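Residue numbers (the working numbering): 114 to 249.
Don't be surprised by glycine CBs; every beta carbon is placed ideally from N, CA and C.
A quick note: this is a predicted structure, and the numbers were derived from the prediction, not measured.
I have placed the structure first, in the form of structure tokens, so that the comments after it can refer back to it.
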């Protein structure tokens with residue numbers, strides 16, 4: 114099964130609430146980027162995000178945290194593509210250290226997960242960009 118992953122650091126710009134807390138919608142932005150890459154690999158087209166079936170926010174994310182957003186196909190129809198997404202905190206700033214001190218988490222923390230459906234119209238599908246058997 115082909116998985117796509119994006120890793121990036123949440124910045125002060127991403128912080129929306131007191132204490133540097135990042136808005137949960139930022140995870141949805143990452144899931145959208147993962148979905149776009151999956152669609153490009155499968156269809157040669159960015160497609161369109163249609164809906165989220167469910168979204169769970171499971172742990173807080175703060176400015177300075179490194180997040181890995183991962184996604185994969187769970188079902189491929191004629192034009193619809195169902196995907197699962199997870200966002201994992203893998204590095205975080207140290208609370209009691211120097212301002213630049215960070216730690217690699219021994220166990221990543223699942224901060225969000227979702228299921229979504231995207232659509233690539235038939236006339237936009239250019240075919241798989243990698244071997245088709247890698248998708249499911």
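Residue i versus the options, residue with shortest Cα-Cα distance
{"i": "residue 137", "options": "228, 200 and 204", "result": "200"}
{"i": "residue 237", "options": "186, 128, 153 and 166", "result": "153"}
{"i": "residue 196", "options": "249, 135, 230 and 241", "result": "230"}
{"i": "residue 205", "options": "139, 171, 127 and 179", "result": "179"}
{"i": "residue 202", "options": "160, 217 and 245", "result": "217"}
{"i": "residue 156", "options": "241, 249 and 115", "result": "241"}
Strand pairing of residue i, partner residues [DSSP]
{"i": "residue 158", "result": "The partner list for residue 158 (beta bridge, DSSP) is empty, contrary to what the question assumes."}
{"i": "residue 197", "result": "185 and 228"}
{"i": "residue 206", "result": "215"}
{"i": "residue 169", "result": "226"}
{"i": "residue 117", "result": "184"}
{"i": "residue 164", "result": "230"}
{"i": "residue 135", "result": "128"}
Classification of residue i by the beta-carbon crowding that lies within 10 angstroms, buried from 16 upward
{"i": "residue 243", "result": "exposed"}
{"i": "residue 120", "result": "exposed"}
{"i": "residue 172", "result": "exposed"}
{"i": "residue 194", "result": "buried"}
{"i": "residue 127", "result": "buried"}
{"i": "residue 212", "result": "exposed"}
Endpoints, beta strand (DSSP E) assigned at residue i
{"i": "residue 124", "result": "That residue, residue 124, is in no beta strand (DSSP E); it is neither H nor E in DSSP."}
C-alpha gap between residue i and residue j, whole angstroms
{"i": "residue 220", "j": "residue 167", "result": "25 Å"}
{"i": "residue 225", "j": "residue 184", "result": "12 Å"}
{"i": "residue 117", "j": "residue 151", "result": "7 Å"}
{"i": "residue 123", "j": "residue 177", "result": "5 Å"}
{"i": "residue 247", "j": "residue 235", "result": "21 Å"}
{"i": "residue 144", "j": "residue 162", "result": "10 Å"}
{"i": "residue 165", "j": "residue 139", "result": "15 Å"}
{"i": "residue 169", "j": "residue 125", "result": "23 Å"}
{"i": "residue 142", "j": "residue 135", "result": "12 Å"}
{"i": "residue 208", "j": "residue 132", "result": "12 Å"}
{"i": "residue 187", "j": "residue 227", "result": "12 Å"}
{"i": "residue 130", "j": "residue 146", "result": "23 Å"}
Residue i Cβ short of 8 Å to the ligand FMN heavy atom set
{"i": "residue 200", "result": "The ligand FMN is not part of this structure, which contains no ligands at all."}
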